[in-house]
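Since the structure comes first, as structure tokens, the remarks are kept for the end.
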Amino acid sequence: MDLKSLVRDIPDFPKPGILFRDITTLLRDPEGLRYTIDFLAQKCNEAGITADYIIGIESRGFIFGSPLAYKLETGFIPVRKKGKLPGAVHSIEYELEYGTDCLEVHQDGLHQGSRILIVDDLIATGGTASATAKLVQKIGCELVGFGFIIELRDLEGRKSLPDVPIISLIEY
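Residue numbers for the sequence shown follow the working numbering, beginning at 12 and rising by one.
Structure (structure tokens):
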């Protein structure tokens, strides 16, 4: 299946000069969505990735991470922006182009030694994925890979990630 044909290009969004890759067209296609999850699971298996948990990065990582966790028979854990999780959290601040941001995960969500696969819809510069990896490693978990639906290769985001398997289904 040609997944790229299910992603809509929207020029000048969210600002002039940006070409936005819109996955809502893929999400509304039942066969395309099913194929995306199955193909990502297949690629994880082929790469030898075995995880105890899949971490989905807020918010579109939740869309793909949850069904992938079901398919791979793992647990799913959300990583959220600051202030979105109740209770005690582990957190990490990271640099953005113009400032900083913060990611959090429940303290009782991850345990030292857990094997973690990080999933998101897209990797561009790799900043958020890299911060999530650092958070996972700070807790004492083993990062076993990354899974992305889309990779914007020109932005070289994978260069900022640790040396583990990185799967992307669609490349631009």
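Glycine included, each C-beta is placed from N, C-alpha and C at the ideal position. If you're wondering where the values come from, they're calculated on a predicted model, not measured in any experiment.
### Query
Considering only the beta carbon of each residue, do A99 and Q118 sit closer than 7 Å?
Contact: yes.
### Task
Have a look at I177, E182 and Y183 and flag the residue whose alpha-carbon is nearest the alpha-carbon of E57.
Each of I177, E182 and Y183 was checked against the Cα of E57, and the nearest Cα belongs to I177.
### Query
So, are the CB atoms of L4 and L44 less than 7 Å apart?
Since the first and last residues shown for the chain are 12 and 183, residue 4 lies out of range.
### Query
Quick one, are the C-beta atoms of K64 and I88 less than 7 Å apart?
As written in the sequence, residue 64 is Tyr, which differs from the Lys given in the question. Going by C-beta atoms, Y64 is nearer than 7 Å to I88.
### Query
If you follow the alpha helix (DSSP H) that G138 is part of, which residue opens it and which one closes it?
G138 to I150 is the span of the alpha helix (DSSP H), which, as asked, contains G138.
### Task
Classify T61 as helix, strand or coil using the three-state DSSP reduction.
The answer is coil: DSSP assigns T61 none of H, G, I, E or B.
### Residue environment, D131, which counts as buried when at least 16 other CB atoms sit within 10 Å
Buried, since its Cβ has 16 or more Cβ neighbours within 10 Å.
### Message
With a threshold of 6 Å on Cβ separation, who are the neighbours of S179 within its own chain once the five nearest residues in sequence on each side are excluded?
### Response
Cβ within range, chain order: F159 and E162.
### Message
Output needed for T47: all residues of its chain with C-beta closer than 8 Å, excluding positions within five of it in sequence on either side, in chain order.
### Response
Answer for T47: L14, L37, F75, I160 and L180, listed in chain order.
### Message
Between which residues of its own chain and D33 is the CB-CB distance below 6 Å, once the five residues before and five after are set aside?
### Response
Taking C-beta separations shorter than 6 Å and ignoring five residues to either side along the sequence, the partners of D33 in its chain run R19 and I21, following chain order.
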